[in-house]
Amino acid sequence: MDFRKTYFLLPNLFTLTGLFCGFYAISVCARLSDEGGGSDALYKASLAIMLGLFFDAADGRIARLTRTQSELGLHLDSLSDLVTFGVAPGLVIYRWGLEGFGRAGLFIAFLFVAGGAFRLARFNVLSLRAIDEKPGKYMLGLPIPVAATVLISTVMAFHAIGINQTTNHILVASLVIVLSYLMISRVRFRSMKDLKMTKRTTAVVGLLLASGVLVAVRISRPAVLILLVGCYITLGLIEEMYLLRKGRVERLRAARALALAPAPTEEVASESEVLAELGIDDDASARAASPVEGAISSV
62 MDFRKTYFLL PNLFTLTGLF CGFYAISVCA RLSDEGGGSD ALYKASLAIM
112 LGLFFDAADG RIARLTRTQS ELGLHLDSLS DLVTFGVAPG LVIYRWGLEG
162 FGRAGLFIAF LFVAGGAFRL ARFNVLSLRA IDEKPGKYML GLPIPVAATV
212 LISTVMAFHA IGINQTTNHI LVASLVIVLS YLMISRVRFR SMKDLKMTKR
262 TTAVVGLLLA SGVLVAVRIS RPAVLILLVG CYITLGLIEE MYLLRKGRVE
312 RLRAARALAL APAPTEEVAS ESEVLAELGI DDDASARAAS PVEGAISSV
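Residue numbers (my numbering): 62 to 360.
If you want it as structure tokens, here you go:
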């Protein structure tokens, strides 16, 4: 038996395990009214989604290490992400902070699911077009696991400090709408796949770790995730403004260079046309230029 053929099962098993985490979170939210203790139940659902983040990060790395990437794995991973990081967080945030809006809150939670579905569909199309190319430096739109982490870490952070449900439903709705827009937007976020440990990178990582320890001690451990994800989103927005400004400057320079370029020269006229414009006969000029032919003609 060739065990190398079973390598294709490894990343798919991790993907399906992440899918189960999302399914478990949905089932917890569905039984919320029966179990009671809504805050604890939502916290369990949030923990399941956070565990799904681990399996989602592991399946891609395992596929690259075993060289078992395939279109099947790509689509399976996207379907799993839609459930674990789209439907499950949307339902959790609805039961936690949007249920007070009624049907409007349900629609806002659906916007998050719809934005995640569009983001994953676009990612699949772009990935299949560049399947033989190396991973790019940027990704188009906010990745759905990052958006889900913002919502889930918010629920977990409030639970850690003793707040069962939010009192500011408008702020939660605004957060969901902004995340939904960032997923379908054309804002470029770093993929972090080309990250190299330079002096600058080491300094930034050290600063983030120190800030994370401070936040974990002073506020709560789930708030560290909010800090890290917030820094990632802020970095993407700042870089997008820089890239837009850089592109605008390059277009202006190209237009200015095109305006200052000399007009294309006309084709050089033939020698006969030049002699005709000067009033010189072509045959006479040829005879004058050749003394032998002139002597023969005079004879």
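We put the beta carbon where it would ideally sit given N, CA and C, even for glycine.
Computed from a prediction, not measured in an experiment: that's the story for all the values here.
In the displayed model, residue 251 falls within a strand according to three-state DSSP.
A distance below 7 Å between beta-carbons, with the five flanking residues on each side excluded, links residue 107 to the following residues of its chain, in chain order: 153, 213, 216 and 217.
Between residue 294 and the set 242, 318, 101 and 306, the nearest pair of CA atoms involves 242. Between the alpha carbons of residue 282 and residue 297 lies a distance of about 24 Å. Per DSSP, the beta bridge partners of residue 199 are 251. One Cα belongs to residue 318, the other to residue 309, and the distance between them is close to 14 Å.
Per DSSP, the continuous alpha helix (DSSP H) segment holding residue 291 begins and ends at 283-321.
Relative to residue 137, the option among 232, 209, 220 and 77 whose CA is nearest is 77.
A distance below 7 Å between beta-carbons, with the five flanking residues on each side excluded, links residue 286 to the following residues of its chain, in chain order: 210 and 214. Residue 86 sits away from residue 169, with the two beta carbons spaced by 8 Å or more. A check of alpha carbon separations from residue 102 across 90, 113, 70 and 111 identifies 90 as the nearest. Straight-line measurement puts the Cα of residue 322 at about 11 Å from the Cα of residue 315. When secondary structure is reduced to three states using DSSP, residue 78 falls in the helix class. CA-to-CA, the gap between residue 161 and residue 232 works out to about 13 Å.
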